[in-house]
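S.K.: Supplied in structure tokens, the structure appears directly below.
Residue numbers (my numbering): 1097 to 1732.
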């Protein structure tokens, strides 16, 4: 069946659709039904089934005779290491680690924090927890000690698994001192810590608490897979909250397995033996769904990449990895492509590497501007597919499902809703708006398998954050529109829709216009307070490498472009040239923080910021057009 038939089949009988999808997973005890709705609007999927994630991601592929196939390919241009681990080797390593954790008292339901860089051992730690039915919570390696402490206190782990260090292009990030400081700050203390010592830095172990990764596994009996109920949490992943207190998104085991298996087959067109690479980090949801679990559940090879899109050592490193590993589907963030495009606008580095096996490039994270997509399509000659989802959903809300059929592309759209997602655009009154009208994107309940059933120890906060604004719907927090053919356009976060003299305008649409300028490599638009109009847009422009023109000319051309494409209603008169934009480590632009700097409001730099020093650069740029006061780092 194609997309329309598949989506219609789900609409006609959701229960039958998801029970059929569940047949692609190995069950210890199959579920009696798919949806459990007795606690609506809190829903669960496959709750009475018994299943194990590690079995489905590792053991069943060995049992099927594919133990010699590469499961994990590690690529580190920083250390120049390249290493493949077969499914059989992975099974041995994970069973050994799980056995050692079990011997130290880790059992089903215990929480384990994982604080590691992009190395295979991070995936092994995740899978070892899943093997035992323990609930892991991966915290981005190198995260600040106080942020790690908050997560320790929230999920109260019995153990923490960490590496001695992480590696950046020009520095070693010392993980162990950050871990020690976090444990000192936290009210809760883990029973023990397991430290994987990297050769770049051997950390000092605290006697009585810290154990060596290899040492504590010596002579231990390997652990078998422990069956868990379908609604048992597979992991907790913290996402930023508006209160500053992170929200612990719960991922239920069975729905997670079914949804990821379905998505690998039908969205990414990946099956057993294929080669898949998601260039992200295990600290983020993409790393959970599509570095660790999704590819392995599907029996594919996954790449664990320790590096950056540029600077490790050049803007062609992604293409070299794709060539050398014959990658079939590649998943990255628009931010990464924009960084490469800025350094290599003519695609010189792309031409150096063969991409014969590449069928498609997938984008998610930041909104993908059409100019970047067109640049990638021109140089690769394969579909460049934007798709949209969230930490909370765990897999795509809207996508172009290559495994079903490749639908016609529409510029600026992540295409169409996937089965399970009844996506609607609502006005402030909670009623659907007309096609092509900007509004709040919401999803009619229940959400499909694999999505969050709630937040860790915070049911009321879950209801308030997602379920109260539009009763009967999940509030995505994004604004956009749906056209007459059902294509979705995600224009901005709801907070990034600005009101200019009574006109609701999307900053995403404005960024599309600016990105179309040939000298602009990357951009952001924010709305700043204006006494007359309420808000007015300000643009931030990062120029393409090698541009030597007068910046004032570029700004003037962008102002004209905005007037031509959107019209005088946008009131777009101000733009500044900056070397870089403030982003989280996952590549999301910190627009809300930029607004506070522009408006002179107090703020706290987000814990996820990649480089806090950049905020001062933004403040300095804004002062050139009469906005912002003082040094940003001294604010809040």
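The beta carbon of each residue, even a glycine, is placed where N, CA and C say it ideally should be.
1) Closest by CA to residue 1538, which one among 1506, 1449, 1486, 1686?
2) Rank 1443, 1263, 1131, 1577 by C-alpha distance to the C-alpha of residue 1737 and give the top, closest one.
3) Under a three-way DSSP split, which group does residue 1207 fall into?
4) State the DSSP-derived secondary structure class of residue 1056, mapped to helix, strand or coil.
5) Roughly how many whole angstroms lie between the Cα atoms of residue 1298 and residue 1714?
6) What does a CB cutoff of less than 8 Å around residue 1174 pick up in its chain, not counting 5 residues either side in sequence?
7) By the 10 Å Cβ neighbour count, where 16 or more other Cβ atoms means buried, how is residue 1284 classified, buried or exposed?
8) Please go through the same chain and pick out, in chain order, the residues whose beta-carbon is closer than 6 Å to the beta-carbon of residue 1637, but skip the five residues on each side of it.
9) Determine the burial state of residue 1550: buried for a count of at least 16 other Cβ atoms within 10 Å of its Cβ, exposed for fewer.
10) Going by the DSSP bridge assignment, what does residue 1536 pair with across the sheet?
11) Identify every run of the beta strand (DSSP E) within the stretch 1630 to 1685, keeping only runs that are complete inside it and at least 3 residues long; order them along the chain.
12) For residue 1730, collect the residues of the same chain with a Cβ closer than 8 Å to its Cβ; drop the 5 residues on either side in sequence, then sort them by chain order.
13) Secondary structure at residue 1378, three-state DSSP: helix, strand or coil?
14) Give the C-beta separation of residue 1369 and residue 1396 to the nearest angstrom, bearing in mind that I take them to be a contact with Cβ-Cβ under 8 Å.
15) For the putative contact between residue 1510 and residue 1482, defined by C-beta atoms under 8 Å, what is the C-beta separation to the nearest angstrom?
16) Flag this pair as yes or no: are the beta carbons of residue 1480 and residue 1121 separated by less than 8 Å?
17) Does DSSP put residue 1517 in a helix, a strand or coil?
18) How many angstroms separate the CA atom of residue 1471 from the CA atom of residue 1171?
19) Kindly give me the distance between the Cβ atoms of residue 1419 and residue 1458, rounded to whole angstroms, as I take these residues to be in contact under 8 Å.
20) Since residue 1199 sits in a beta bridge, which residues does DSSP pair it with?
21) Assuming residue 1433 and residue 1468 form a contact by the criterion Cβ under 8 Å, report the distance between their Cβ atoms to the nearest whole angstrom.
22) List in chain order: all unbroken alpha helix (DSSP H) runs of 4+ residues lying wholly within the stretch 1103 to 1127.
23) Any idea if residue 1628 is buried or exposed, counting beta-carbon neighbours within 10 angstroms, 16 or more meaning buried?
24) Can you name the start and end residues of the alpha helix (DSSP H) that residue 1689 belongs to?
25) Taking just the CA atoms, how far does residue 1633 sit from residue 1594?
26) Do you know offhand how far residue 1367's Cα is from residue 1631's?
27) Among 1274, 1234, 1292, which has the Cα closest to the Cα of residue 1346?
28) Have a look at residue 1707 and residue 1416 and give me their C-alpha separation to the nearest angstrom.
29) Just confirm the distance between the C-beta atoms of residue 1257 and residue 1230, as a whole number of angstroms; I'd bet it's less than 8 Å.
30) With DSSP as the reference, label residue 1216 as helix, strand or coil.
31) Using C-beta distances below 8 Å, list every residue in its chain close to residue 1590, excluding the 5 sequence neighbours before and after it, in chain order.
32) Specify, as a first and last residue, the run of the alpha helix (DSSP H) that residue 1610 falls within.
33) State the beta-bridge partners of residue 1170 as determined by DSSP.
34) DSSP three-state label for residue 1334, please.
35) Please determine, among 1696, 1137, 1105, the residue with the shortest C-alpha to C-alpha distance to residue 1568.
36) If you drop the 5 nearest sequence neighbours on each side, which residues of the same chain put their C-beta closer than 6 Å to that of residue 1443?
M.R.: Short version:
1) If you number the chain shown from 1, residue 1538 lands on position 442. Sorting 1506, 1449, 1486, 1686 by C-alpha distance to the C-alpha of residue 1538 places 1486 at the top.
2) The first residue shown for the chain is 1097 and the last is 1732, placing residue 1737 beyond what the model contains.
3) Stepping through the chain shown from its first residue, residue 1207 is reached at position 111. DSSP places residue 1207 within a strand segment (E or B) once states are collapsed to three.
4) Past the boundaries of the shown model lies residue 1056; the chain is included only from 1097 to 1732, so the question cannot be answered.
5) Reading the chain shown from its first residue, position 202 is the one you call residue 1298. Reading the chain shown from its first residue, position 618 is the one you call residue 1714. Between the alpha carbons of residue 1298 and residue 1714 lies a gap of roughly 38 Å.
6) The residue given as residue 1174 occupies position 78 in the chain shown. Result list for residue 1174: 1263, 1264, 1265, 1402, 1403, 1408, in chain order.
7) Residue 1284 sits at position 188 when you count from the first residue of the chain shown. It is exposed - the Cβ of residue 1284 has fewer than 16 other Cβ atoms within 10 Å.
8) Position 541 of the chain shown, counted from the start, is the residue given in the question as residue 1637. Counting only Cβ-Cβ distances below 6 Å, and skipping sequence neighbours, we find 1616, 1619, 1671, 1673.
9) Taking the chain shown and counting its residues from 1, the one referred to as residue 1550 is at position 454. With 16 or more other Cβ atoms within 10 Å, it is buried.
10) As a working note, residue 1536 is residue 440 in the chain shown. Residue 1536 is bridged to 1522, 1575.
11) Taken in chain order, the whole beta strand (DSSP E) runs of length 3 or more contained in the stretch 1630 to 1685 are 1630 to 1639, 1670 to 1673.
12) Residue 1730 sits at position 634 when you count from the first residue of the chain shown. Because the pLDDT at residue 1730 is just 43, under 50, the model does not fix this residue reliably, and the value given afterwards should be weighed accordingly. Non-local C-beta neighbours of residue 1730 in its own chain, meaning closer than 8 Å and more than five positions away in sequence, are absent.
13) Counted from its first residue, the chain shown places residue 1378 at position 282. Under the three-state reduction of DSSP, residue 1378 is assigned to coil, being neither helix nor strand.
14) For this step, residue 1369 is matched to residue 273 along the chain shown. For this step, residue 1396 is matched to residue 300 along the chain shown. Confirmed, about 7 Å.
15) Reading the chain shown from its first residue, position 414 is the one you call residue 1510. Reading the chain shown from its first residue, position 386 is the one you call residue 1482. Yes, residue 1510 and residue 1482 are in contact; Cβ-Cβ is about 5 Å, under 8 Å.
16) On the chain shown, residue 1480 is found 384 positions in, with the first residue counted as 1. On the chain shown, residue 1121 is found 25 positions in, with the first residue counted as 1. No, Cβ-Cβ distance for residue 1480 and residue 1121 is not below 8 Å.
17) Taking the first residue of the chain shown as 1, we reach residue 1517 at position 421. It is coil, neither helix nor strand.
18) Position 375 of the chain shown, counting from 1, holds the residue named residue 1471. Position 75 of the chain shown, counting from 1, holds the residue named residue 1171. Our two residues, residue 1471 and residue 1171, have alpha carbons roughly 26 Å apart in a direct line.
19) Sequence index remark: in the chain shown, residue 1419 carries index 323 (1-based). Sequence index remark: in the chain shown, residue 1458 carries index 362 (1-based). With 8 Å as the limit, residue 1419 and residue 1458 do not qualify as a contact, their Cβ atoms being about 18 Å apart.
20) Locating residue 1199 in the chain shown gives position 103, where the first residue counts as 1. According to DSSP, residue pairing for residue 1199 in a beta bridge does not occur.
21) As a position in the chain shown, residue 1433 is number 337, starting the count at 1. As a position in the chain shown, residue 1468 is number 372, starting the count at 1. Rounded, the Cβ-Cβ distance is 5 Å, consistent with contact.
22) As far as the stretch 1103 to 1127 is concerned, its whole alpha helix (DSSP H) runs of at least 4 residues are 1110 to 1118.
23) Here residue 1628 is taken as the residue at index 532 of the chain shown, counted from 1. So residue 1628 counts as exposed.
24) Walking along the chain shown from the start, residue 1689 turns up at place 593. 1687 to 1695 is the span of the alpha helix (DSSP H), which, as asked, contains residue 1689.
25) As a first step, residue 1594 must be located in the chain shown, where it is residue number 498. As a first step, residue 1633 must be located in the chain shown, where it is residue number 537. Their backbone Cα atoms lie some 8 Å apart in a straight line.
26) Within the chain shown, residue 1367 is the residue found at index 271, counting from 1. Within the chain shown, residue 1631 is the residue found at index 535, counting from 1. Distance between the alpha carbons of residue 1367 and residue 1631: 49 Å.
27) Looking up residue 1346 in the chain shown gives position 250. The shortest CA-to-CA distance from residue 1346 to any of 1274, 1234, 1292 is the one to 1234.
28) On the chain shown, position 611 is the one that residue 1707 refers to. On the chain shown, position 320 is the one that residue 1416 refers to. In a straight line, the C-alpha of residue 1707 is about 27 Å away from that of residue 1416.
29) Position 161 of the chain shown holds residue 1257. Position 134 of the chain shown holds residue 1230. Distance from residue 1257 to residue 1230 at the Cβ level is roughly 11 Å; contact not present, criterion being Cβ atoms closer than 8 Å.
30) Position 120 of the chain shown, counted from the first residue, corresponds to residue 1216. Of the three classes helix, strand and coil, the one that applies to residue 1216 here is helix, per DSSP.
31) Looking up residue 1590 in the chain shown gives position 494. Spatial neighbours of residue 1590 in its own chain (CB-CB distance under 8 Å, excluding positions within 5 residues in sequence) are listed in chain order as 1536, 1573, 1574, 1575.
32) As a position in the chain shown, residue 1610 is number 514, starting the count at 1. Its alpha helix (DSSP H) spans residues 1603 to 1611.
33) Along the chain shown, read from residue 1 onward, the residue named residue 1170 stands at position 74. Answer is 1179, 1400.
34) To locate residue 1334, count along the chain shown from 1; it is residue 238. Three-state DSSP puts residue 1334 in a strand.
35) The residue given as residue 1568 occupies position 472 in the chain shown. Of 1696, 1137, 1105, the residue nearest in Cα terms is 1137.
36) By 1-based counting over the chain shown, the position of residue 1443 is 347. So the list reads 1475, once near-sequence residues are dropped.
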